[in-house]
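Here's the structure, in structure tokens; my notes come after.
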Amino acid sequence: MDKTAMIKMINLKSDFFHILEQIYQAVGAEELTRLYDKNFIIRPAAALNFPVRDVFRILEEPANVYLECQFLGLYGVDSPLPGYFNELCLKQDDTGCKLRDFLDVINHRSYVLYFLAWRAFQPERTVNSTGTYLAFINALSGYQPTTDVFTWPHFIAQTLDGLKAAIVHIIPDIPVCIHRYPEWTEMGEPPFLGKELSLGDSSFLGTRILLLGSFLDIELGPLPSDRVQSLQASLPTLQGLLRTNLDVHMHCKITLFLIPNRYSPGLGSKNLFLGRESWLGDGGDKPIQLRMNI
2 MDKTAMIKMI
12 NLKSDFFHIL
22 EQIYQAVGAE
32 ELTRLYDKNF
42 IIRPAAALNF
52 PVRDVFRILE
62 EPANVYLECQ
72 FLGLYGVDSP
82 LPGYFNELCL
92 KQDDTGCKLR
102 DFLDVINHRS
112 YVLYFLAWRA
122 FQPERTVNST
132 GTYLAFINAL
142 SGYQPTTDVF
152 TWPHFIAQTL
162 DGLKAAIVHI
172 IPDIPVCIHR
182 YPEWTEMGEP
192 PFLGKELSLG
202 DSSFLGTRIL
212 LLGSFLDIEL
222 GPLPSDRVQS
232 LQASLPTLQG
242 LLRTNLDVHM
252 HCKITLFLIP
262 NRYSPGLGSK
272 NLFLGRESWL
282 GDGGDKPIQL
292 RMNI
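If you're matching positions, the sequence shown starts at 2 in the numbering used here and goes up one per residue.
Quick look at the structure:
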């Protein structure tokens, strides 16, 4: 993406943090001082217009790109300095231009620190964050296109293929097998005929009914046991997805199959657990089962 396309992509109706986040992600400059081959300067707007939005405009010049804001700053509509000094800075003469250029050194740094301080305390907005909460935030804000995860709930309720696709997206490169079992459910007080009830519709014979697809058994793997730690961050996300989108009357169980190591590690070694990476006796070829209820 060239600098012209980058500038055109920015929506000035967005808030200050949203705009700076777009530039930060595209440029990757920690201090936000360069926009491709030009100097990037954040400064107040040299006007006393009523601030209808955070960012007044983006001004591109041969050597610089200016992001002009309508809040904070040492001059402009939100300046904390005395009025006479503000008027002196806003004059469109040589004195006013020199004063603004000098103050912009402080202004730019203040805006950048303000943004970086906000970003430091927004863990869901960090570059390496890929959690479900971040995905929903991005979907609401329009920062980046929504991923397929937001269309999956519809398919999860209808097909097993949609559920498999969701699992593979959350935990890449993992074999998935899903079994659906019917379940007999005991009913309460049975209804009686003769009370405006129809047999096979609002009444039935017997005390139990058959629920098709009321129990899902999700089998993941088999996987090498050394992948257990890499799955620890993904499994809670998968559990949350199932709790949110599966029917409340549907029961679900996750079974993780691990391939035992071909050697016998000693107890006390780092990241080894009895029954998972280590065992008593000789190790076999049968995968180890770890079960988790939803």
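Cβ atoms here follow ideal geometry from the backbone N, Cα and C, with glycine treated the same way.
Quick check: residue i and residue j, are their CB atoms within less than 7 Å of each other?
| i | j | result |
| --- | --- | --- |
| SER226 | LEU257 | no |
| ILE175 | LEU221 | yes |
| TYR112 | CYS90 | no |
| THR238 | ILE179 | no |
| ARG244 | LEU217 | no |
| ASN65 | LYS39 | yes |
| VAL53 | ILE20 | no |
| TYR67 | LEU60 | yes |
| THR186 | ILE219 | no |
| PHE18 | TRP119 | yes |
| LEU100 | VAL78 | no |
| GLU69 | ARG44 | yes |
| GLU184 | LEU161 | no |
| LEU215 | MET251 | Here the sequence assigns Ser to residue 215, which means Leu is not the residue at that position. Yes, the Cβ-Cβ distance between SER215 and MET251 is below 7 Å. |
How would you call residue i, buried or exposed, if buried means at least 16 neighbouring beta carbons within 10 angstroms?
| i | result |
| --- | --- |
| ASN108 | buried |
| GLN290 | exposed |
| ASP105 | buried |
| VAL169 | exposed |
| TRP153 | Residue confidence for TRP153 is low, a pLDDT of 45 falling below 50, so the modelled location carries little weight and cannot support an answer. |
| LEU82 | exposed |
| GLU62 | exposed |
| ALA46 | buried |
| PRO173 | exposed |
| GLN71 | buried |
| TYR25 | buried |
| LEU114 | exposed |
| ASN129 | Bear in mind that the predicted position of ASN129 carries a pLDDT of just 48, short of 50, making it unreliable; the figure below should be weighed with that in mind. Answer is exposed; the Cβ neighbour count stays below 16. |
| ALA158 | Confidence in ALA158 is poor, its pLDDT being 47 and thus under 50, which makes the residue's placement unreliable; the coordinate value appears in the next sentence. Classification for ALA158: exposed. |
| ALA234 | exposed |
Along the alpha helix (DSSP H) that carries residue i, what are the first and last residues, could you check?
| i | result |
| --- | --- |
| TYR25 | 17 to 28 |
| PHE86 | 84 to 91 |
| VAL106 | 95 to 121 |
| LYS296 | Any question about residue 296 goes unanswered here, given that the chain covers just 2 to 295. |
| ILE298 | This structure cannot speak to residue 298, because the chain is shown only from 2 to 295. |
For residue i, which residues does DSSP report across the bridge?
| i | result |
| --- | --- |
| ASP218 | HIS180, LYS254 |
| GLN240 | In the DSSP output, where bridge partners are listed per residue, GLN240 has none listed. |
| GLN290 | PHE258 |
| PRO225 | ILE260 |
| ILE210 | THR186 |
| LEU68 | ILE43, ILE59 |
Residue i lies in the beta strand (DSSP E); which residues open and close that run?
| i | result |
| --- | --- |
| ASN40 | 39 to 45 |
| PHE57 | 56 to 61 |
| VAL53 | Note, VAL53: premise wrong, no beta strand (DSSP E); not H, not E. |
| VAL78 | Counting along the chain, VAL78 falls outside any beta strand (DSSP E), and DSSP gives it neither H nor E. |
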